[in-house]
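Here is the structure we will look at.
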Amino acid sequence: MGMVNRVVPPGSELEVATELAKILVDSAPLVVKTLKGFSLETLNKSPAESGALARQSLLSVRDFEDGAEGRVAFREKRRPVFKGQ
């Protein structure tokens, strides 16, 4: 089973994929890793199981240094500087 983020016109796949890649590059590495694992883990789970796993994932990411940096940067209205920690 695959996942679809967006349906795009033929010929624009590379452009849209590049846009999505730029978003990932600017994101906190540990959050991207956690979300990827969460997505794979919940493919065949019920909504209740997925919700429990989502809570667990969110709580683990919150305690990373990058989580604190994201919150501070949001309050200060600046781009976060993630270190992968």
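Numbering follows our numbering, with no gaps: position 59 of the sequence shown is 692. For glycine and all other residues, C-beta sits at the position ideal for the given N, C-alpha and C.
- request: Tell whether a beta-carbon distance below 9 Å holds between Ala654 and Gly703.
  value: Taking the sequence shown and counting its residues from 1, the one referred to as residue 654 is at position 21. Taking the sequence shown and counting its residues from 1, the one referred to as residue 703 is at position 70. 9 Å or more divides the Cβ of Ala654 from the Cβ of Gly703.
field: Pro643 - DSSP class collapsed to helix/strand/coil
entry: On the sequence shown, residue 643 is found 10 positions in, with the first residue counted as 1. The three-state secondary structure of Pro643, taken from DSSP, is coil.
message: Using CA atoms only, rank isn't needed, just tell me which of Leu676, Gly670, Asn677 and Pro642 is closest to Gln689.
response: The residue given as residue 689 occupies position 56 in the sequence shown. When only C-alpha atoms are compared, the closest one is Gly670.
- prompt: Using the rule of at least 16 other Cβ atoms within 10 Å of the residue's Cβ for burial, across every protein chain shown, is Phe707 buried or exposed?
  reply: For the purposes of this step, residue 707 is identified with residue 74 of the sequence shown, where counting begins at 1. Exposed is the call here.
- prompt: For Lys693, which of Gln718, Thr675, Pro680 and Arg712 has the nearest alpha-carbon?
  reply: Mapped onto the sequence shown, residue 693 falls at position 60. Here residue 693 is Ser; the residue named in the question, Lys, does not match the sequence. Here the closest residue by C-alpha is Gln718.
- request: Report buried or exposed for Asp699, applying the criterion of at least 16 other Cβ atoms within 10 angstroms of its Cβ.
  value: Start at 1 with the first residue of the sequence shown, and residue 699 comes out as number 66. Under this definition Asp699 is a buried residue.
message: Within a Cβ cutoff of 7 Å, which residues of the same chain sit near Phe715, ignoring the five residues on either side of it in sequence?
response: Here the question's residue 715 lines up with position 82 in the sequence shown. The residues Ala661, Pro662, Asp699 and Glu702, in chain order, have a CB closer than 7 Å to that of Phe715 in the same chain once the five nearest residues on each side in sequence are set aside.
Element boundaries [alpha helix (DSSP H), containing Ser672]: In the sequence shown, counting from the first residue as 1, residue 672 sits at position 39. Counting along the chain, the alpha helix (DSSP H) containing Ser672 begins and ends at Pro662 to Glu674.
task: Check the C-beta distance from Val649 over to Val658 and give it rounded, since I have them as a contact under 8 Å.
output: As a position in the sequence shown, residue 649 is number 16, starting the count at 1. As a position in the sequence shown, residue 658 is number 25, starting the count at 1. That belief does not hold up - the Cβ atoms of Val649 and Val658 are roughly 15 Å apart, past 8 Å.
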